[in-house]
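Read top to bottom, the protein sequences are chains Y and C. When you line the first sequence up against the working numbering, it's residues 72 to 238, in that order. When you line the second sequence up against the working numbering, it's residues 72 to 238, in that order. Using N, Cα and C, we set each Cβ at its ideal position, and we do this for glycine too. All values derive from a computational prediction rather than experimental measurement. The structure appears right after this line, and notes come after that.
Protein chains: 2
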Amino acid sequence: MPSRRARGQDPAAEPLHRHALRLLRLLRREDEALGVSAARLSALSVLVFGGPMSLGALAEAEQVSAPTMTRLAQELEREGWARREVADADARRVRLSATPAAMRLLRRGRDGRLDALSAAIDALAPDDRKAIGAALPALDRLVQVLQQRASDARGDLPSRTGRRRLD
Amino acid sequence: MPSRRARGQDPAAEPLHRHALRLLRLLRREDEALGVSAARLSALSVLVFGGPMSLGALAEAEQVSAPTMTRLAQELEREGWARREVADADARRVRLSATPAAMRLLRRGRDGRLDALSAAIDALAPDDRKAIGAALPALDRLVQVLQQRASDARGDLPSRTGRRRLD
DNA sequence: CGATATAGTTAGCTTTGCTAAATATTATCG
DNA sequence: CGATAATATTTAGCAAAGCTAACTATATCG
Chain Y
72 MPSRRARGQD PAAEPLHRHA LRLLRLLRRE DEALGVSAAR LSALSVLVFG GPMSLGALAE
132 AEQVSAPTMT RLAQELEREG WARREVADAD ARRVRLSATP AAMRLLRRGR DGRLDALSAA
192 IDALAPDDRK AIGAALPALD RLVQVLQQRA SDARGDLPSR TGRRRLD
Chain C
72 MPSRRARGQD PAAEPLHRHA LRLLRLLRRE DEALGVSAAR LSALSVLVFG GPMSLGALAE
132 AEQVSAPTMT RLAQELEREG WARREVADAD ARRVRLSATP AAMRLLRRGR DGRLDALSAA
192 IDALAPDDRK AIGAALPALD RLVQVLQQRA SDARGDLPSR TGRRRLD
């Protein structure tokens, strides 16, 4: 019945893609006021809620390349949101941690994007809010499937920037 | 009542944002194989399904600035996905239309992103698929709310291309 | 007609992503 | 032990996609 795809594609794919694109495009504007851009904020969030970690671990968590994370970390550091030190056990490794200011920023919900998104969600009808809430676990699993396939697709073996090895 | 927010933010805001970010980040990789990037594909999609339109209209539909759409249109044209002609009624205006090749591209579902997304959706449990499908109208309205607020926020009046001269 | 508004373009900057290659450090093996 | 390999990060350089400011060409209006 409904899962019969018209031309090989699930009917939800296109709208979901489109909505996600627009959502982020609209939210990007909120960053400007905050002075912390999307990529930085996202990395910072991982750092605040996940605790200090190496650049490689952060790059993996954020699904970006090592050089990209190097740059993001430099910017976060320069702006006072993160601090780096050499890892005890391994001098190659950097231990990046969020500063108290960053923790305050994130914990206080001063994130412009999320405030804007939150306000918009609140403006919806209760049924709409409910539908979105109900879809979140499914979206989470969807992202997991994609992530799994992406890493499967390019050589099962990692080698990117080190694999699962926290200290 | 039910939306008792912890710190002023709706609990759905953060996961929704995070999932959207990851989703697009993962899908972006599919573009490369196709040779049509995200922004171009999205604009092209509007063109294919919405019919020929001016650059201004397309910029508004895509929520990007006029120069950005100028560039996208040039690239689409150069790559053979779009064609331009001067509008009959108004020589300032450009009428951009999708080429047959673009229509084939989109209609055949040869879009790498959407194929990947579609495949991932299909790998989900039926309940998850259902939850995502059920949330789409709500997401649509969410984006509308955001869009509305964005345009309210900067200069009530439309005038999406011509930027108001400041004295 | 001339002033002003509109549609699009050009120029130039920023952010964020990438790959390839360099550097520093640690691990391993003969 | 020392040469070699692997790992973590950085540097350098490129591209996409976004923006604003300023310019050109065309319409419109008083």
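So residue i and residue j are in contact, right, with Cβ under 8 Å, and what is the actual spacing, rounded?
i: A191 of chain Y; j: L217 of chain C; result: 5 Å
i: A114 of chain C; j: L94 of chain C; result: Not quite, the Cβ-Cβ distance comes to about 20 Å (not below 8 Å), so this is no contact.
i: S125 of chain Y; j: R164 of chain Y; result: 5 Å
i: L118 of chain C; j: A169 of chain C; result: 4 Å
i: E150 of chain Y; j: M140 of chain Y; result: Not quite, the Cβ-Cβ distance comes to about 15 Å (not below 8 Å), so this is no contact.
i: A137 of chain Y; j: G121 of chain Y; result: Not quite, the Cβ-Cβ distance comes to about 18 Å (not below 8 Å), so this is no contact.
i: L112 of chain Y; j: D182 of chain Y; result: 6 Å
Per DSSP, residue i is paired with what?
i: L207 of chain C; result: DSSP, once it has assigned bridges, lists no residue as partnering L207 of chain C.
i: A157 of chain C; result: A small fix is needed here, since residue 157 of chain C is Val in this sequence, not Ala. V157 of chain C pairs with C:V165.
Would you check if the distance between the CB atom of residue i and the CB atom of residue j is smaller than 7 Å?
i: L188 of chain Y; j: H88 of chain C; result: yes
i: L97 of chain C; j: A221 of chain Y; result: yes
i: P123 of chain Y; j: R175 of chain Y; result: no
i: L213 of chain Y; j: P86 of chain C; result: no
i: A110 of chain Y; j: L147 of chain Y; result: no
i: A84 of chain C; j: A205 of chain Y; result: no
i: L177 of chain C; j: S116 of chain C; result: yes
i: D198 of chain C; j: D193 of chain Y; result: no
How is the alpha helix (DSSP H) around residue i delimited, first residue to last?
i: R166 of chain Y; result: No alpha helix (DSSP H) contains R166 of chain Y, which is instead part of the beta strand (DSSP E) from 165-169.
i: V117 of chain Y; result: 109-121
i: G127 of chain C; result: 126-133
i: Q145 of chain Y; result: 137-149
i: L185 of chain Y; result: 183-193
Identify whether residue i lies in helix, strand or coil by the three-state DSSP scheme.
i: P86 of chain C; result: helix
i: G106 of chain Y; result: coil
i: D238 of chain Y; result: Residue placement at D238 of chain Y cannot be trusted, given a pLDDT of 30 that sits under 50; what the coordinates show is reported in the next sentence. In this structure, D238 of chain Y counts as coil in the three-state DSSP scheme.
i: D199 of chain C; result: helix
i: Q80 of chain C; result: coil
i: R179 of chain Y; result: coil
i: S230 of chain Y; result: Because S230 of chain Y carries a pLDDT of 36, less than 50, the predicted location of this residue cannot be relied on, and the following value inherits that uncertainty. Three-state result, S230 of chain Y: coil.
i: S74 of chain Y; result: Residue placement at S74 of chain Y is poorly supported in this model, since its pLDDT is 34, which falls under 50; the coordinates still yield a value, given next. Three-state result, S74 of chain Y: coil.
Please confirm whether any heavy atom of the ligand MN lies closer than 6 Å to the CB of residue i.
i: A84 of chain C; result: Absence of the ligand MN is noted for the structure shown, with no ligands found whatsoever.
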